[in-house]
Structures are given as C-alpha cells and as structure tokens.
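In the numbering used here, the protein residues as written are 621 to 793.
Let me begin by presenting the structure, written as structure tokens, before commenting on it.
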Amino acid sequence: MSGRIPDSIDPHDWARSGRQVAGTLPLATLERLCAALQDTAGEVRIALAGQVVPGKRLVLTGSASCDVTVRCQRCLEPFTLTLEAPIRLGVISHEGALAKLPDGYEPLLCPAGQELAMAQLIEDELLLVLPDYPHHADGTCGTTAVPAQQAGERRPFAALGSLRKSDPPGGHD
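Have a look at this one:
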C-alpha cells in the first residue's frame, strides 16, 4: 500500500491487478463537496482496494471519511459533521453488464482502458452520504423552536373545530 493517492486510475486494471492504496486528499480539492460546506480545511482519509470476486467480476472496495463544517439547518450555526462513505463499486464497461453486478455493489460505469479521476470518484461517494439538511444531533441544537408535537395549544386549525359545532340542526342539504 502506498500513501500517495494517484490522480487517476483505470478501474478495470486496478481491480484485475489487486492494487490498493491508503492515504489522504486535501478537502479543498473536492469543489462540488466544498460548495456545501462552511470551511474547506482538512483532509479526506481514503482506503481503496481492487479485486476480482467470484464470477470474474471486478470490484473496488474501501472507504472515504472526513470531518466537515456545515451549517445546521435548524439553528443556522456551523458544526462539525463526520462523513463516512463506504465504497463498494462493481466495475462495468457498459450498461448491459448491470445484471451481472455482484450483490451489494453499486455500478461504476467506465469503459475499459479509460482513466477515472480519483478525486471525482471519492467526491461522488462523499456527496452521497452528505445529508440534504444537516443538523445537530437531537438535544444539542441551539435552536429554541418547539417541535410540532410539543406545541400543545399552538394548533392553527383548532378554531375550525368550533365551526362544526355551530352547524344548524339538520343543516346539511
């Protein structure tokens, strides 16, 4: 295992040869991910291994993880969130091979002999685990908003109930 993350890989060759790597990438190099963050400092920890599984299927497995600063969508304050993306990709050359994908693997569509940017691959996996609406863990948010089920008397349609009671007897024509 090498500590240097390659700029690009041929996923077919990588899997066939059983190559593996562990190392880090600067978070700031992942522009699409950084667009959703409050701060771009830090590194992404990566472990990736290629292998051939039964049925001569090529796969890439590993993980990508990092700590990111996002804005809580409840209180709007920044907080640190740990992203952990498991990587389980079945390498296929064309969409017709989807049916042959091993169970538990997501497709990685890449024509044979084509290079794939490692940073883009890792960024895609991290974007999939980034919550759409990040927020502090329950009970740790600084917001003073009251959840709807605890609002008690704040029932906006409660007044409509009194209208039903004021129907005249036999008043439905």
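The beta-carbon is built from N, C-alpha and C at its ideal position, and this holds for glycine as well.
For clarity, every value in this text was computed on a predicted model and none was experimentally measured.
Where residue i sits in the DSSP three-state scheme
i    : result
G716 : helix
Q671 : strand
T649 : helix
I629 : strand
R639 : coil
Cα-Cα separation between residue i and residue j, rounded to whole angstroms
i    : j    : result
D657 : A669 : It is worth fixing the name first, because residue 657 is Leu in this sequence and not Asp. Taking the straight line from one Cα to the other gives about 28 Å.
P646 : V664 : 6 Å
L686 : A717 : Note on residue identity: the sequence assigns Cys, not Leu, to residue 686. Straight-line Cα distance between these residues: approximately 32 Å.
T644 : I625 : 7 Å
H756 : R694 : 8 Å
A768 : I707 : In this predicted model, A768 has a pLDDT of only 47, less than 50, meaning its place in the structure is not dependable; the value taken from the coordinates is given anyway. Cα to Cα, A768 sits roughly 38 Å from I707.
E651 : T760 : 29 Å
V766 : L696 : Its pLDDT being 46, under 50, V766 is placed unreliably by the model, and the measurement read from it follows with that caveat. Distance between the alpha carbons of V766 and L696: 16 Å.
I742 : S637 : 20 Å
Span of the beta strand (DSSP E) around residue i
i    : result
A757 : Segment: none, A757 is in no beta strand (DSSP E) and carries neither H nor E.
D687 : R677 to R691
Residue closest to residue i, alpha-carbon to alpha-carbon, out of the options
i    : options                   : result
P674 : L721, L703 and C761       : L721
A661 : P698, M738, A667 and A648 : A648
G724 : M738, T760, S713 and R677 : R677
V690 : I707, L653 and V679       : L653
E704 : G682, Q640, C730 and R639 : G682
D758 : P727, L741 and C692       : C692
A667 : A642, H632 and I712       : A642
Q640 : T702, Q671 and H632       : Q671
T700 : A737, D659 and A719       : D659
G762 : A655, G638, H632 and P698 : P698
L748 : Q734, H714, E726 and S713 : E726
L709 : A732, E745 and P754       : E745
P631 : M738, L750, A684 and D752 : M738
P754 : W634, A732, V688 and V679 : V688
In chain order, each alpha helix (DSSP H) run of at least 4 residues that lies wholly inside the segment 725-757: Qualifying alpha helix (DSSP H) stretches, in chain order: 738-749.
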